[in-house]
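Peer 1:
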Amino acid sequence: MAIDDRREKATMLQAKAQILVSHLVRADGAPGATAYIIAPKLDLEIGVAAGVTERSGSEPLTTAHPVRISSVTKPFVAAAILRLWEMDKIELARSIDSYLAVEHISILKNGGYDAKAITVRHLLSHTAGLRDVFYTNAFTQMLPKLMSGQVRHRFTLEEQLKMAMEDGPRFPPGAAFEYSDTGYLLLGAILEQVTGKSMAATRELVDFDRLGLASTWWEVLEVEREGVLTRAHQYEYACGWDSYDEDPPHDLFGGGGMISTPRDLATFFHALFHGQVFERPETIHVMISVVKTMTPRNQNDDVYGHGPQIHSVGDLTVYAHGGWWGLDVGYVPELDMTLSVVGLRRDIRPRYSEVFDELILEAARLHIKR
1 MAIDDRREKA
11 TMLQAKAQIL
21 VSHLVRADGA
31 PGATAYIIAP
41 KLDLEIGVAA
51 GVTERSGSEP
61 LTTAHPVRIS
71 SVTKPFVAAA
81 ILRLWEMDKI
91 ELARSIDSYL
101 AVEHISILKN
111 GGYDAKAITV
121 RHLLSHTAGL
131 RDVFYTNAFT
141 QMLPKLMSGQ
151 VRHRFTLEEQ
161 LKMAMEDGPR
171 FPPGAAFEYS
181 DTGYLLLGAI
191 LEQVTGKSMA
201 ATRELVDFDR
211 LGLASTWWEV
221 LEVEREGVLT
231 RAHQYEYACG
241 WDSYDEDPPH
251 DLFGGGGMIS
261 TPRDLATFFH
271 ALFHGQVFER
281 PETIHVMISV
291 VKTMTPRNQN
301 DDVYGHGPQI
311 HSVGDLTVYA
321 HGGWWGLDVG
331 YVPELDMTLS
341 VVGLRRDIRP
351 RYSEVFDELI
361 LEAARLHIKR
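Letter by letter, the sequence shown follows residues 1 to 370 of this note's numbering.
1. Exposed or buried, what is Ile-288 when buried is set at 16 or more other beta-carbons lying within 10 Å of its beta-carbon?
2. From the DSSP output, which residues share a beta bridge with Leu-316?
3. Excluding sequence positions up to five away, which residues of its chain have a Cβ less than 7 Å from the Cβ of Ala-345?
4. What are the start and end residues of the alpha helix (DSSP H) that includes Asp-181?
5. Tell me which residue opens and which closes the beta strand (DSSP E) that Ser-260 is part of.
6. How long is the line joining the alpha carbons of Gly-314 and His-321, rounded to whole angstroms?
7. Using a Cβ-Cβ cutoff of less than 6 Å, which residues in the same chain neighbour Thr-195 once the five nearest sequence positions on both sides are dropped?
8. Which one or two residues does DSSP pair with Pro-60 in a beta bridge?
9. Compute the Euclidean distance between the alpha carbons of Val-48 and Val-21, then round it to the nearest angstrom.
10. How close, in whole Å, do the beta carbons of Gly-255 and Leu-185 come, if the pair is a contact with beta carbons under 8 Å?
11. Note down, in chain order, each residue of its chain lying with its Cβ closer than 7 Å to the Cβ of Glu-362, except the 5 sequence neighbours on either side.
12. Which term fits Ile-3, buried or exposed, when burial requires 16 or more other beta carbons within 10 angstroms of its beta carbon?
13. Enumerate in chain order the residues of its own chain whose CB-to-CB distance from Arg-6 is below 6 Å, with the five nearest sequence positions on each side excluded.
14. Using the DSSP secondary-structure output, state which residues sit across from Ser-95 in a beta bridge.
15. Run the CB neighbour count on Gln-150, radius 10 Å, all protein chains shown included, and call it buried at 16 or more, exposed below.
16. Taking 8 Å as the threshold (C-beta atoms), are Val-286 and Ala-79 in contact?
17. Specify, as a first and last residue, the run of the beta strand (DSSP E) that Ala-138 falls within.
18. Per DSSP, what are the beta-bridge partners of Val-286 in this structure?
19. Which residue marks the beginning of the beta strand (DSSP E) containing Met-337, and which one marks its end?
20. If I'm right that Val-67 touches Ile-259 with Cβ under 8 Å, what's the distance once you round it to whole angstroms?
21. Beta-carbon within less than 7 Å of Gly-307's beta-carbon, same chain only, minus the 5 sequence neighbours each way: which residues are those?
22. Determine the extent of the alpha helix (DSSP H) in which Thr-11 is found, giving its start and end residues.
23. I think Ala-175 touches Gly-129, with their Cβ atoms under 8 Å apart; what is that distance to the nearest whole Å?
24. Which term fits Val-223, buried or exposed, when burial requires 16 or more other beta carbons within 10 angstroms of its beta carbon?
25. In this structure, how does DSSP classify Glu-86 when only helix, strand and coil are distinguished?
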C-alpha cells in the first residue's frame with residue numbers, strides 16, 4: 001500500500017471512529033465514550049474520545065483515563081495462567097485440587113463439586129459446570145444495596161466462592177459450555193497458591209512494565225499507579241449507580257477487579273497476538289482454541305477459547321472480550337487491527353459492541369486486509 005494511500009485510509013478510519021464515539025454521547029446519552037485503534041498496515045495508532053469523565057463534570061474524557069474493566073480482566077488472568085503453564089508450574093489437563101488451597105477445595109466439596117474432576121482447562125474455557133456467583137440468589141439480593149451505597153462490603157474470595165455453591169453444579173465438568181465468573185475466581189486462587197503472591201502477580205507474569213501498560217493495575221490488591229489520570233465515572237442510569245462510589249468493587253478476584261485505560265487494553269491485546277506476551281509461539285494458539293464439549297453447543301452460544309471470546313463480524317474472525325461496565329477490546333487477524341471501545345453508561349452497553357463492530361467493518365471496507 002502506497003504511503004499516501006495509507007495516510008488517506010488512516011484519516012478516514014480515524015474520522016469514522018470520532019463520528020461513532022461522538023454519536024454515543026450526543027445521541028445515545030453516554031457521558032463519555034472512547035475508541036483506541038492500532039492498525040499497523042495503516043501506520044495508525046490513535047485514540048479518539050467524546051464527552052466528559054463524569055455526568056456533572058467538565059473534564060474532557062480521553063483514552064488515557066482509567067476505568068474499571070470488569071470482565072476484560074479475564075484475558076489478563078488467562079494469560080498469567082498460560083505463562084505458568086509455559087514455565088511448567090501448572091498443567092492445563094491436571095485437576096484443580098493439585099493447585100488450590102485446602103480451604104477452597106473444602107468449599108467446593110461442600111457445594112457438591114469434585115475438585116478432582118475439574119481441570120485448569122475447564123476453568124479457562126468455562127466448561128467446569130460452575131454456577132456464576134453474580135447470578136446466585138445470595139448475590140442478586142445484595143446487589144441493590146451495593147448499588148445504592150446502603151451496604152459497603154469488602155467481599156473475600158472465600159465469601160464469593162461460598163455464594164457460588166448455591167444449588168450445586170450446573171452440569172458435569174466438560175459436558176457443556178456456560179460462562180461463569182466463578183471459574184475465574186478459582187483461577188485467581190490458583191495464581192495466588194502457585195506463585196505465593198496475590199493475584200497482582202499477574203503484573204510480573206505478563207510483564208506489564210515491558211509492554212508499557214503504565215495505567216493498568218489490580219484495584220485494592222495494588223496501589224494506584226503513579227502519574228495516571230483520575231478514574232472516569234461509569235454509570236448504570238436505570239438505578240442511579242455510579243461505579244466510582246463503589247469501594248471496593250464487588251468483582252475483585254479474577255472475574256474482574258482490574259483498572260486500565262482504552263490505550264492499555266488495546267496495547268495488551270496487540271501484544272498478545274504479536275508474540276510479546278508468551279515465550280512460545282504455540283501458546284497463543286492454545287489461548288484461542290475451543291474446547292469440545294460432550295453436549296454440542298447451541299448455534300447462538302458464545303464461542304470461548306482459553307481467555308478470549310471468539311466471534312465473527314461479517315466474514316472476519318475477532319478475538320475479543322467485553323466488560324459488564326461497558327467496554328469491548330479485541331484483535332482482528334485478517335486486518336491485523338486491534339481496537340478498544342469504552343463507554344461510561346452501562347445500560348446502553350450493546351451500543352458499544354455495535355460501534356466496535358462498525359469500526360471493524362469500516363476497516364474492512366477500506367481494504368486493509370493482510
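Glycine included, C-beta positions come from ideal geometry on N, C-alpha and C.
Peer 2: From the atom records:
1. buried
2. Val-313
3. Going by the sequence as given, residue 345 is Arg instead of Ala. Excluding positions up to five away in sequence, the list reads Gly-29, Ala-30, Pro-31, Tyr-235, Tyr-237, Gly-326.
4. 181 to 195
5. 258 to 260
6. 18 Å
7. Ala-201
8. Val-52
9. 8 Å
10. 6 Å
11. Leu-13, Lys-16
12. exposed
13. Leu-42, Asp-43
14. Thr-119
15. exposed
16. no
17. Taken as a continuous stretch (DSSP letters only), Ala-138 belongs to no beta strand (DSSP E), being part of the alpha helix (DSSP H) at 137 to 148.
18. Note: Val-286 sits in no beta bridge, so no partner.
19. 337 to 343
20. 7 Å
21. Lys-74, Pro-75, Ala-78, Ala-79, Leu-124, Met-287
22. 3 to 26
23. 7 Å
24. exposed
25. helix
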